[in-house]
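Residue numbers (our numbering), protein chains in the order written: chain S, 6 to 282; chain X, 48 to 275; chain D, 363 to 1001. C-beta atoms are modelled at their ideal positions from N, C-alpha and C, and glycine is treated no differently. The structure displayed is predicted, hence computed values, not measured ones. Following: one structure in structure tokens, then a few remarks.
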Amino acid sequence: MSYEEKRDEIAEEVKPIVAHTMPFHKKAPAKVVYITIVFTIIGVLLALFLPTHMFPFSMSPEMHDAVLTFVVFTIAAAPVAALVYAIAAYSLIAWRKKGANNNEEPPEDGAPSHGSGLITSLWIGTSVVLVLFLLVWGMAELSAETAQQSNAIQVNVTGQQWMWTFSYPGTGVTTHNLILPEGRQIDFNVTSMDVTHGFWPVEMGVQIDANPNVIDHIAATTNRLGSFDVRCSQICGLYHAYMQTKGTVVTNAQFATWLASQGASSSSIQSYALSGK
Amino acid sequence: MKKFVWAVVTVLVGAVLIAAIGLGFHDQQYSSPYGTEVAKSVGMITVNGKQYQHVVLNLVTEPSAQGTTSNGQIIHPGGNPSWPAYAVTNEYQIPANAVVTVKWSQYDSGGVVNNPYFAKPRGTIGGIERVNGKPVTGVAADNIAHTFTLRGEPGVDPRFFLSVPGPISKLGDNAENNKGGQLVQFSFISGKPGLYVWNCEFPCGLSVGGFGAVMSSYGYMSGHMHVV
Amino acid sequence: MSTIAPMLLEDTKLEPKAGGFYRHQNFLTGLIVGILSGFIGWVVSLALLQGSNFGSDMVVTVTLTCWVIGFNAGMGTFNAIFRWILGHDQNHEDELYAAGVGQGWKRYWKYCTDHKVVGTQYLVLVMVLFGVGGTLAMMIRTQLLSPNSRFMSPETYNAIVSIHGMIMIIATIIMVSGPFANFIMPIMIGAKDMAFPRLNAMSFWVVVSAVPPILGSFFLGGVPAGWTTYAPLSVQAPPAMDAFAITICTFVISVTVAGINTLVTVLTMRAKGMTMGRLPIFVWGSIIAGGLGLYAMPAFLMAQSALITDRVVGTGFYVAEQGGTGWLYENTFWIMGHPEVYVILIPPVGALIEIASTFARKPVFGYKVMVAGISGIATLSIMVWAHHMFTTGWAPTLADPFMLTTELISIPTGIIFLCMVGTIWRGSIWTRLPMYFLYLFIFNFIIGGITGIYLSDVPADQYFHGNMFVTAHFHYTLLGGGLVGAMGAVCYWFPKVTSRMLNERIGKTAFWVVAIGIQITYMAQFYEGFQGMARRVANYNALFVDANRVSSAGAYILMAGMLIFMYAIIHSWRHGKKASANPWHAKSLEWMTLTPVPLENFLVDPVVTGHPYGYGEPDSKPVAPEMPVPVSANSGGSH
Ligand SMILES: [Cu+2]
Ligand SMILES: [Cu+2]
Ligand SMILES: [Cu+2]
């Protein structure tokens, strides 16, 4: 007799005994579903209302995507987490047993079930569907973000220990505080002079490492006036914590004025600001 | 009950032990034996039609941290003799919203700065510095010994930025402490009160980018500025 | 062999010279020879190399390599091989001496081949390492109590962040596979010892020799580069980096040796009737994690040895000006780094499945699915490494495939959850201390797992990468999941390892303090991440101050909880109630032998006739009836 046959035989034999000692709550699955629904609702509500209080103001569609992805994924994951928590919590409440001899000895045994093919398949099937959803979502967003827009302008970003400098090709302007025009896709060309840094314009919702002798690209579109933080997201030695500066998104006219104030010729400003058009 | 008392004792002993180790790490932090150098007030000054308090701060950069300054103080007792250092301390104090004139005696050798952006004075009044009394808008990018680069700690006056290059010693590669100095002078308007950090942006260290060794060791080419 | 009752071996009088050179060796001789050898290495390398371009790096590398070799020679690691080369191999008496016969507590300070001694040594080492790593964590949280904190200089802070990370990674890799895959696993499969007992002892003492270099890094300028030590920053770093690299190379040797040992033991040393299909899940977890370690850790060795040559002889693998690239380091590192996460997590998960079955008094839900799930995780985990590199600029076209493989991992991870809650479902939940940790694991690991999904998605990772969100995420998985699971394993096997019961009242107090501490500490760090605080910063914007204070307060609570747990262990180890052979009335083999476990584990070689989870099956017999199960194994309690 194979092990499985023997096991099933034993299971058949003990069924009446176990049924007697372990009254199975017929309503248990239904109750777990109720608890799951309650937990899920809590999770969804948190996902819908918390992010606005937690994330900084979004200043680009890329940042908006990151926040939206957070909300959507939380909603997608909420039922899964809720179900696991519900089963664990319900089991503890319904089937908690004190053992004999002041809990020194174990309680009587539980149901001798070795699993259920149906439940396992359902579980795996559901997670495959969820994973496919996550993947399609991610790929769709990614391809939208990497699409080149017609009004893009180039900004060269240089990381070095422990400073950021930004230059606007063709204008001869270099600055420590990043100034960007509104409503443009900004193509950041990021490099480093020494070790690896992480270029992270926080409220723009993108980041890319600055590597020596390589130019990395990342794009973000400015869609709001105001200031944002630029931090280094890759530990880079002694003053890593201080490797940050401010960025500002200004109107196109203000941007041109500012470039001129930094000594850029009007023709270079013209060709630079029009470069993407 | 007794066991719980002992459990609490364990926590307390652990906390004391950790605190002791913490103090050890705290002491490992370099603080100059010469304390904080406070800028001296020299009266009032008008810049762009506004009245400011005017203070003067003295800086020195020397080729050897184990050497002495002109008044005979050893810069970094026990420091690495082949490392350059700001002298005699690395902690400075200036008042907020004041005009600060820095008189910087630069005695070290140098070479090419990594990023030519730092070959020009940034954030000084008039965008200039004076080298031995002569006003200039920059130092040749291959003639720089150190820079004095200052900014606020995270969140402290985030737009404040100051960076000034110092030319190499008159003795060139044979630089010696307190010989062949270049006097660099510049003024800037200090920002809001708070703790600021300064460092050098010239690659005066070793290894990748010239930022290893002395540049990565707090206290030689880096320090704090207290703006009060 | 089976004619001698192994129990008697412990009382056997050995010949006066049994063990040969081993008789004169212990931890102290290890230290002395190690320091002496390091000193000679220092003097010689200093004389030869000082003044050359790479002088101090070479000196540190040579000195510490000599320390590692010297320490192990002093311990006795190389004795057997030298005797074999010299033609007088060890005889049976020598082997018995090496296994610790007749040495009492002193064997814990020696090169001891008994797997139970090695397991116990590992347990103590893991506690010490967590103590050191935890202390460093307190330094970090103290520095971050306020913005513009000057508790430590940024240099010291960076060094502490790096060493905290690496010490904790070392500790978590060995926290279950060290103590329990060594002490318990061989008994679980009915083996007399590990397949290679001398390699087993070696794996332990090699880790011990790896610890002083990494702590020494604080006196060599400090490692400024985080535990990941990305190049070229790590090429630029002070000589502390050489010490760090030596520690890694040494540690990798230990993990590799231990992994091979585990695999061979399970494949060749199982008792009669212990088919692969009857292996407890913990044993499956141990061999899968061991095998995965064999794949992963050599990549770390490569990454760090290339780093050493870059630093010491200027090879330039990672230096852009010499044609190298930091991406090479990052790839090699994460080819180790992601599988390593599962080398850490799979053994505690296996232990928790044992706990689930024992304390729900139910067979494991879906035994085969669970084994397939763990294997699936291990297989997928070698194909996901570049999700750590989404924002590095390396191969942006590979974002989609790596997103796919990473998100696929949530399927086998889901299976683990299914098997855990499926085992609990309709069980008789016996709320003893180990079960608490299973519940805490489920709670934390769901959070750790779900927050991982955001990081697997490139557009969201563009925000969360390099941010405190990541820090909170992996602490939820490695501490909230892995370490909590390991604490459960300690509580579960404590009676077998120490012959005493763990005091559950103190243990439960510790449990609640730890559980609450974890939530406060890392929920606050998630919040910092949302707000946009970068990782590994010595200093931060005042915007983040509230979350940081909450996180620090939580960390202090967590530390207090850990200290109480440590007290529970130490107190119970010394004064706890004597444990019976099978206090949990469990059905796997380790509970079918005496406590304390005799030298070769079983009085009579066990014959296995069933699976180890026969709860609710009155006729289920895990072992053949002829095996004399210790009386107390069935009655429980020491009366
Ligand atoms: Cu950086
Ligand atoms: Cu300098
Ligand atoms: Cu990973």
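Would you list, in chain order, the members of the stretch 218 to 246 of chain X that have their beta-carbon closer than 7 Å to a beta-carbon of chain B? In the structure shown, chain B cannot be found, because the protein chains are S, X and D.
D:T694 at chain X interface by Cβ criterion, 8 Å: To locate residue 694 of chain D, count along the third sequence from 1; it is residue 332. Not closer than 8 Å to any Cβ of chain X, the Cβ of D:T694 fails to qualify, so no.
Three-state secondary structure (DSSP) at S:D234? As a working note, residue 234 of chain S is residue 229 in the first sequence. Reduced to three states, the DSSP call for S:D234 is strand.
Name the two residues that bound the continuous beta strand (DSSP E) containing X:E109. For the purposes of this step, residue 109 of chain X is identified with residue 62 of the second sequence, where counting begins at 1. X:E109 -> beta strand (DSSP E) spans 97 to 109.
Measure the alpha-carbon distance for D:E769 versus D:I815 and round it to whole angstroms. Indexing the third sequence from 1 puts residue 769 of chain D at position 407. Indexing the third sequence from 1 puts residue 815 of chain D at position 453. Near 7 Å, if we compare the C-alpha coordinates of D:I815 and D:E769.
Cβ-heavy atom distance, D:V703 to ligand 3, below 7 Å: Numbered from its first residue, the third sequence carries residue 703 of chain D at position 341. Result yes, Cβ under 7 Å from ligand 3.
Quick one: measure Cβ to Cβ for D:L595 and S:G242, integer angstroms, because I've assumed they're closer than 8 Å. Taking the third sequence and counting its residues from 1, one reaches residue 595 of chain D at position 233. Taking the first sequence and counting its residues from 1, one reaches residue 242 of chain S at position 237. Going by Cβ atoms, the distance from D:L595 to S:G242 rounds to 6 Å, so yes, they are a contact pair.
Would a C-beta distance cut-off of 8 Å place D:L864 and D:G938 closer than the cut-off? Numbered from 1 along the third sequence, position 502 holds the residue referred to as residue 864 of chain D. Numbered from 1 along the third sequence, position 576 holds the residue referred to as residue 938 of chain D. Contact: yes.
For S:G175: DSSP bridge partner residues: Mapped onto the first sequence, residue 175 of chain S falls at position 170. Looking at the DSSP assignment, S:G175 forms no beta bridge with any residue, so it has no partner.
Going by CA-CA distance only, name the one from D:H750, D:N910, D:Q483, D:L965 that's closest to D:M698. Residue mapping note: residue 698 of chain D aligns to position 336 of the third sequence, counting from 1. Residue D:H750 is the option with its Cα nearest to D:M698.
Quick check: what's the CA-CA separation for D:K379 versus D:H386? As a position in the third sequence, residue 379 of chain D is number 17, starting the count at 1. As a position in the third sequence, residue 386 of chain D is number 24, starting the count at 1. Using only the alpha carbons, I get a separation of about 11 Å.
DSSP three-state call for S:D214: helix, strand or coil? Working through the first sequence from its first residue, we reach residue 214 of chain S at position 209. Here S:D214 sits in strand by DSSP.
Given that X:N162 touches chain S, what residues does it touch there, using C-beta distances under 7 Å? Counting from one through the second sequence, the residue named residue 162 of chain X turns up at place 115. Under the 7 Å cutoff, chain S gives T163, Q165, T170, M198.
Helix, strand or coil: how does DSSP classify D:K730 here? Taking the third sequence and counting its residues from 1, the one referred to as residue 730 of chain D is at position 368. Three-state result, D:K730: helix.
Between D:V326 and D:I549, how many whole angstroms is the CB-CB distance? I'm expecting something under 8 Å. Any question about residue 326 of chain D goes unanswered here, given that chain D covers just 363 to 1001.
Members of the stretch 878 to 889 of chain D that neighbour chain X once the beta carbon cut-off is set at 7 Å: Correct list: empty, as no residue qualifies.
Between the Cα of X:N144 and those of X:G266, X:P80, X:S237, spot the shortest distance and give me the residue it belongs to. Numbered from 1 along the second sequence, position 97 holds the residue referred to as residue 144 of chain X. Residue X:S237 is the option with its Cα nearest to X:N144.
So, does the CB of D:Q598 fall closer than 8 Å to a CB anywhere in chain X? The count along the third sequence starts at 1 and reaches residue 598 of chain D at position 236. Output row for D:Q598: interface = yes.
Nearer than 7 Å: is that true of the beta carbon of D:E750 relative to any heavy atom of ligand 3? The residue given as residue 750 of chain D occupies position 388 in the third sequence. Here residue 750 of chain D turns out to be His, not Glu, going by the sequence shown. It does: the Cβ of D:H750 is within 7 Å (strictly closer) of some heavy atom of ligand 3.
S:I240 and D:N910 - do their beta-carbons sit closer together than 8 Å? Position 548 of the third sequence holds residue 910 of chain D. Position 235 of the first sequence holds residue 240 of chain S. Not in contact: D:N910 and S:I240 (Cβ atoms no closer than 8 Å).
Rounded to whole angstroms, how far is the Cβ of S:V178 from the Cβ of S:L88, which I believe are closer than 8 Å? Locating residue 178 of chain S in the first sequence gives position 173, counting from the first residue. Locating residue 88 of chain S in the first sequence gives position 83, counting from the first residue. Not a contact, Cβ separation roughly 57 Å.
Going by the CB atoms, is the gap between D:P857 and D:T955 shorter than 8 Å? Here residue 955 of chain D refers to the residue found at position 593 of the third sequence. Here residue 857 of chain D refers to the residue found at position 495 of the third sequence. Cβ distance not < 8 Å, so D:T955 and D:P857 don't count as in contact.
C-alpha distance - D:P586 paired with S:Y39, whole-angstrom precision: The count along the third sequence starts at 1 and reaches residue 586 of chain D at position 224. The count along the first sequence starts at 1 and reaches residue 39 of chain S at position 34. For the pair D:P586 and S:Y39, the Cα-to-Cα distance works out to about 51 Å.
So that I know if they touch, is there some Cβ in chain D lying closer than 8 Å to that of S:A269? Start at 1 with the first residue of the first sequence, and residue 269 of chain S comes out as number 264. False, the Cβ-Cβ gap to chain D never drops below 8 Å.
Please say whether D:T534 and D:L817 have beta carbons closer to each other than 8 Å? Taking the third sequence and counting its residues from 1, one reaches residue 817 of chain D at position 455. Taking the third sequence and counting its residues from 1, one reaches residue 534 of chain D at position 172. No. Outside cutoff.
Proximal residues of chain S, C-beta to C-beta of X:E248 below 7 Å: Here the question's residue 248 of chain X lines up with position 201 in the second sequence. In chain order: M168.
When you measure from the CB of D:Q598 to every non-hydrogen atom of ligand 1, does any distance come out below 7 Å? Walking along the third sequence from the start, residue 598 of chain D turns up at place 236. Answer for D:Q598: no, Cβ out of range of ligand 1.
Euclidean distance between Cα positions of D:V783 and S:A93: Counted from its first residue, the third sequence places residue 783 of chain D at position 421. Counted from its first residue, the first sequence places residue 93 of chain S at position 88. Approximately 6 Å, taken between the alpha carbons.
Closer than 8 Å between beta carbons: that is the criterion. Which residues of the stretch 509 to 528 of chain D meet it against chain X? Listed in sequence order: P509, N510, R512, F513, M514, S515, P516, E517, T518, I522.
Please compile the residues from chain D whose C-beta is within a distance smaller than 9 Å of the C-beta of S:Q190. The residue given as residue 190 of chain S occupies position 185 in the first sequence. The premise fails here: S:Q190 is roughly 15 Å from chain D at the closest Cβ pair, so nothing lies under 9 Å.
I'd like to know if X:V58 contacts chain D, where contact means its C-beta is closer than 8 Å to some C-beta of that chain. Counting from 1 along the second sequence, the entry for residue 58 of chain X is found at position 11. At least one chain D Cβ lies under 8 Å of X:V58.
Closer than 7 Å to a non-hydrogen atom of ligand 2 - does that hold for the CB of S:M241? Walking along the first sequence from the start, residue 241 of chain S turns up at place 236. The amino acid occupying residue 241 of chain S in the given sequence is Cys; Met does not appear at that position. No, since every heavy atom of ligand 2 falls outside the 7 Å radius drawn around the Cβ of S:C241.
Nearest candidate by alpha-carbon position, reference D:I431, set D:F401, D:Q452, D:G635: Locating residue 431 of chain D in the third sequence gives position 69, counting from the first residue. It is D:F401 whose Cα lies nearest to the Cα of D:I431.
Tell me the residue span of the alpha helix (DSSP H) that contains D:K949. Numbered from its first residue, the third sequence carries residue 949 of chain D at position 587. Segment: none, D:K949 is in no alpha helix (DSSP H) and carries neither H nor E.
X:F208 by DSSP, collapsed to three states: which one? As a first step, residue 208 of chain X must be located in the second sequence, where it is residue number 161. Three-state result, X:F208: strand.
Answer with yes or no whether the minimum CB distance from X:G213 to chain S is below 8 Å. Looking up residue 213 of chain X in the second sequence gives position 166. Answer no: the Cβ-Cβ gap between X:G213 and chain S never drops below 8 Å.
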